[in-house]
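**Student:** In my numbering, the protein residues as written are 1 to 263.
Don't be surprised by glycine CBs; every beta carbon is placed ideally from N, CA and C.
(1) Could you tell me which residues DSSP puts in a beta bridge with residue 249?
(2) Out of curiosity, what's the CA-to-CA distance linking residue 18 and residue 188?
(3) Could you pull the start and end residues of the alpha helix (DSSP H) that residue 101 belongs to?
(4) Within the continuous alpha helix (DSSP H) that includes residue 261, where are the two ends?
(5) With DSSP collapsed to three states, give me the class of residue 177.
(6) Could you check whether residue 186 and residue 226 sit closer than 8 Å to each other, using their CB atoms as the reference points?
(7) Can you tell me the Cβ-Cβ gap for residue 222 and residue 206, rounded? I've got them flagged as a contact below 8 Å.
(8) Go through the segment 137-207 residue by residue and report every complete run of the beta strand (DSSP E) that reaches 3 residues or more, in order.
(9) What do you reckon, are the CB atoms on residue 63 and residue 139 nearer than 8 Å?
(10) Please determine, among 126, 132, 142, the residue with the shortest C-alpha to C-alpha distance to residue 87.
(11) Could you compute how far the alpha carbon of residue 78 sits from the alpha carbon of residue 200?
(12) Using the C-alpha atoms, what's the distance from residue 212 back to residue 123?
(13) I'd like the list of long-range same chain contacts for residue 219, defined as Cβ closer than 8 Å, with 5 residues on each side in sequence excluded.
(14) Does the Cβ-Cβ distance between residue 93 and residue 13 come in under 8 Å?
(15) How long is the line joining the alpha carbons of residue 175 and residue 81, rounded to whole angstroms?
(16) Helix, strand or coil for residue 79, going by three-state DSSP, please let me know.
(17) Let's test the definition: count the other Cβ atoms within 10 Å of the Cβ of residue 104 and tell me whether it reaches 16, buried, or not, exposed.
(18) CB-CB under 6 Å to residue 239, same chain, minus the five flanking residues each way: which ones, in chain order?
(19) Report the residue from 152, 159, 156, 91 whose alpha carbon sits nearest the alpha carbon of residue 115.
(20) Compare the Cα-Cα distances from residue 68 to each of 145, 85, 21 and report the closest residue.
(21) Only counting the same chain, and skipping five residues up and downstream in sequence, which positions put a Cβ closer than 8 Å to that of residue 33?
(22) Which first and last residues belong to the beta strand (DSSP E) in which residue 221 is found?
(23) Who does residue 233 pair with in a DSSP beta bridge?
See below:
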């Protein structure tokens with residue numbers, strides 16, 4: 001807990017990200033990633049493999065953009081910096097570990113952006129959701145855009161904020177949680193589909209809670225009913241091994257990877 005507090009104090013983050021819990025989520029994710037390193041290793045390797053294939057088949061090598069760069073554990077940063085003149089890492093919060101990792105990479109830029117389209121609504125600066133991508137994604141020089149295990153994460157904080165609020169957020173009420181989440185997911189996919197660049201998409205699809213006998217106790221659709229085509233690769237991610245979320249239960253996520261995604 002003390003280490004998390006020190007990370008929170010030392011990590012640069014805009015006031016809105018701190019106030020709305022995005023920084024706290026980033027610190028918490030880093031702690032879980034450290035605890036679950038062995039369980040997460042196959043998922044991280046599979047994610048990097050899908051992105052590596054996208055790099056290999058990408059014909060334009062000027063600029064690459066990684067949306068949801070996070071801790072970079074699932075991103076083949078060395079390959080990106082080798083094959084692209086410019087690499088732009090985009091996230092709501094850039095952890096200290098990521099900032100350290102890119103210090104020796106002169107062609108890497110960090111861009112702090114809200115990718116859910118919900119932050120301005122949550123802070124009262126906008127009247128509705130505004131799902132969009134940073135302009136660099138649509139620049140003619142951008143050959144590859146990677147959505148890195150981001151899609152299912154985008155609705156988490158906004159939906160929790162909406163469902164926990166007694167007052168509406170714009171036209172959205174606490175009863176609209178599923179529709180709100182679906183709008184965020186669909187908005188991200190629509191924005192990706194409009195780009196001229198090659199798109200690499202890695203995302204978890206659903207979460208299953210199972211016991212030690214393999215019995216399923218709960219299943220949650222992480223994309224709020226939004227469907228995707230058949231992926232190039234799919235695998236299971238043991239997000240929370242036994243003892244992490246509960247002593248006798250573990251959480252498994254089904255993940256889809258697309259090296260060249262189009263709807």
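**Tutor:** Put simply:
(1) Taking the chain shown and counting its residues from 1, one reaches residue 249 at position 249. Looking at the DSSP assignment, residue 249 forms a beta bridge with 211, 246.
(2) To locate residue 18, count along the chain shown from 1; it is residue 18. To locate residue 188, count along the chain shown from 1; it is residue 188. Looking at the two C-alpha atoms, the distance is approximately 23 Å.
(3) Working through the chain shown from its first residue, we reach residue 101 at position 101. Run containing residue 101: 96-101, per the alpha helix (DSSP H) assignment.
(4) Your numbering for residue 261 matches position 261 in the chain shown. Segment: none, residue 261 is in no alpha helix (DSSP H) and carries neither H nor E.
(5) Within the chain shown, residue 177 is the residue found at index 177, counting from 1. Residue state, collapsed to three classes: helix.
(6) The residue given as residue 226 occupies position 226 in the chain shown. The residue given as residue 186 occupies position 186 in the chain shown. The answer is yes: Cβ separation under 8 Å.
(7) Taking the first residue of the chain shown as 1, we reach residue 222 at position 222. Taking the first residue of the chain shown as 1, we reach residue 206 at position 206. Correct: roughly 6 Å between the Cβ atoms.
(8) Correct list: 142-148.
(9) Within the chain shown, numbered from 1, the residue matching residue 63 stands at position 63. Within the chain shown, numbered from 1, the residue matching residue 139 stands at position 139. In this structure, residue 63 lies near residue 139, with their beta-carbon atoms less than 8 Å apart.
(10) For the purposes of this step, residue 87 is taken as the residue at position 87 of the chain shown. If you compare the alpha carbons of 126, 132, 142 with that of residue 87, the shortest gap goes to 142.
(11) Here residue 78 is taken as the residue at index 78 of the chain shown, counted from 1. Here residue 200 is taken as the residue at index 200 of the chain shown, counted from 1. About 17 Å.
(12) Locating residue 123 in the chain shown gives position 123, where the first residue counts as 1. Locating residue 212 in the chain shown gives position 212, where the first residue counts as 1. One Cα belongs to residue 123, the other to residue 212, and the distance between them is close to 43 Å.
(13) As a first step, residue 219 is located in the chain shown; it is residue number 219 there, counting from the start. Once the five neighbours on either side are set aside, the close Cβ partners of residue 219 are 206, 207, 208, 209.
(14) As a first step, residue 93 is located in the chain shown; it is residue number 93 there, counting from the start. As a first step, residue 13 is located in the chain shown; it is residue number 13 there, counting from the start. Contact flag set, yes.
(15) Within the chain shown, the letter at position 175 stands for residue 175. Within the chain shown, the letter at position 81 stands for residue 81. Going from the Cα of residue 175 to the Cα of residue 81 covers about 45 Å.
(16) Along the chain shown, read from residue 1 onward, the residue named residue 79 stands at position 79. DSSP places residue 79 within a helical segment (H, G or I) once states are collapsed to three.
(17) Translated into positions along the chain shown, residue 104 becomes position 104. Counting Cβ neighbours within 10 Å, residue 104 comes out exposed, since fewer than 16 surround it.
(18) In the chain shown, counting from the first residue as 1, residue 239 sits at position 239. Beyond the five residues adjoining it in sequence on each side, residue 239 comes within less than 6 Å, by CB distance, of 251, 253 in the same chain, given in chain order.
(19) Translated into the one-based positions of the chain shown, residue 115 becomes position 115. Nearest of 152, 159, 156, 91 to residue 115, Cα basis: 91.
(20) The residue you call residue 68 lines up with position 68 of the chain shown. Put simply, of 145, 85, 21 the residue whose alpha carbon is nearest the alpha carbon of residue 68 is 145.
(21) Within the chain shown, the letter at position 33 stands for residue 33. Result list for residue 33: 40, 71, 73, in chain order.
(22) By one-based count along the chain shown, residue 221 stands at place 221. Looking at the DSSP string, the run of the beta strand (DSSP E) that includes residue 221 is 216-221.
(23) Residue numbering aside, residue 233 sits at position 233 when the chain shown is read from its first letter. Answer is 257, bridged to residue 233.
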